[in-house]
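Contents: one structure, followed by commentary.
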Amino acid sequence: MSARRINAARKQSKHEAILDAALSAFVERGFHGTAMPEVARRAGVAAGTLYHYVSGKDALVNEVFRRCKESIARVVYTSFTPTAPPRAQFESLWMAMVEFALSNPKAFAFLELHNHESYLDSESRAMDRQLKEFGAGFVRQAQQSGEVRDVEPMLLMELTFGAFNGMMRAHWEGRIALDQRTLDDAREAAWRLIAA
Numbered sequence: 000m001s002a003r004r005i006n007a008a009r010k011q012s013k014h015e016a017i018l019d020a021a022l023s024a025f026v027e028r029g030f031h032g033t034a035m036p037e038v039a040r041r042a043g044v045a046a047g048t049l050y051h052y053v054s055g056k057d058a059l060v061n062e063v064f065r066r067c068k069e070s071i072a073r074v075v076y077t078s079f080t081p082t083a084p085p086r087a088q089f090e091s092l093w094m095a096m097v098e099f100a101l102s103n104p105k106a107f108a109f110l111e112l113h114n115h116e117s118y119l120d121s122e123s124r125a126m127d128r129q130l131k132e133f134g135a136g137f138v139r140q141a142q143q144s145g146e147v148r149d150v151e152p153m154l155l156m157e158l159t160f161g162a163f164n165g166m167m168r169a170h171w172e173g174r175i176a177l178d179q180r181t182l183d184d185a186r187e188a189a190w191r192l193i194a195a
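Using numbering that gives the first Met the number 0, the first residue of the sequence shown is number 0, and each one after it goes up by one.
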C-alpha cells in the first residue's frame, strides 16, 4: 500500500473517530451542552487537530446529522417495495425502523429525541424534508387506494412516527420490553391509527 493511501486511510479513520465521539457527546449532552474539547478528548485527538476536520461545532453537528440521516434513509428506502400493498409496505417500513433503532441506538436517539432546528444548515434540512416527504408520499399513495384515512398526509406520517419514537423511548427507559408480541401489537396499533 502506498504512503498516500496509508495517510488517506489514517485521515479517514480519525475523521470517523471524531464523528463517533461527537455523536456520543451530542446524544448525552445535547448540542448546546457539548464542547469541542470534549469531542476531541473522546476521539483521542488534540483539540487543534479537530479543526483540521471540521470548521466548528455547527459544521460538526450537521455532518453527524447527515451521516445518521443517510443511514436511516438507506434502511427506509431499501425496505420499501413500491409494488406491495400499502399495509405490507407499512409493516416492512415499521420493522426496518425497529431494526435500525435497535442496531443504532445512538444515531436514532440523536436524530429523533433531540430538537435540531436551531443549528441545521440548508443541506441537513433538505435531507430531513426529503425523508419526511417520502413518508407523506407513502400515505398519499395509500390514501388513493382507499386503505388509509383521508387526513393530511404529513399529519398522519408525523403521528405515526411520534408513536414509534414513544415506543422506542419507553423501551430504552425500561418501561416496555420489545419482544415479538409487543412489536406486533405496536405495529398493528400504528396501522390502525392511519387505516381507513
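Beta carbons: idealized from backbone N, C-alpha and C, even for Gly.
Since the structure is predicted, the reported quantities are computational estimates derived from the model, not experimental observations.
A Cβ-Cβ distance of about 18 Å is found for the pair P85 and E157, leaving them out of contact under the 8 Å criterion. Per DSSP, D149 lies in no alpha helix (DSSP H) segment and is marked neither H nor E.
Taking every protein chain shown into account, the CB of L155 has 16 or more other CB atoms within 10 angstroms, so this residue is buried. In the DSSP assignment, R66 falls within the unbroken alpha helix (DSSP H) covering K56 to S78. Restricting attention to A21, M166 and M35, the CA atom closest to the CA of D184 is found in M166. A direct Cα-Cα distance of roughly 12 Å separates K56 from L22. DSSP, read as helix, strand or coil, puts A34 in coil.
For H113 and R28, the gap between their C-alpha atoms comes out near 10 Å. Contact check for W93 and A188: beta-carbon distance about 11 Å, past the 8 Å limit, so the pair fails to qualify. The three-state reading of DSSP puts A195 in coil, since its state is none of H, G, I, E or B. Sixteen is the threshold: since fewer than 16 other Cβ atoms of the shown chains lie within 10 Å of the Cβ of P36, the residue is exposed.
In this structure, the CA atom of A176 is about 29 Å from the CA atom of F137. Judged by their CB atoms, F89 and A100 are not nearer to each other than the 7 Å cut-off.
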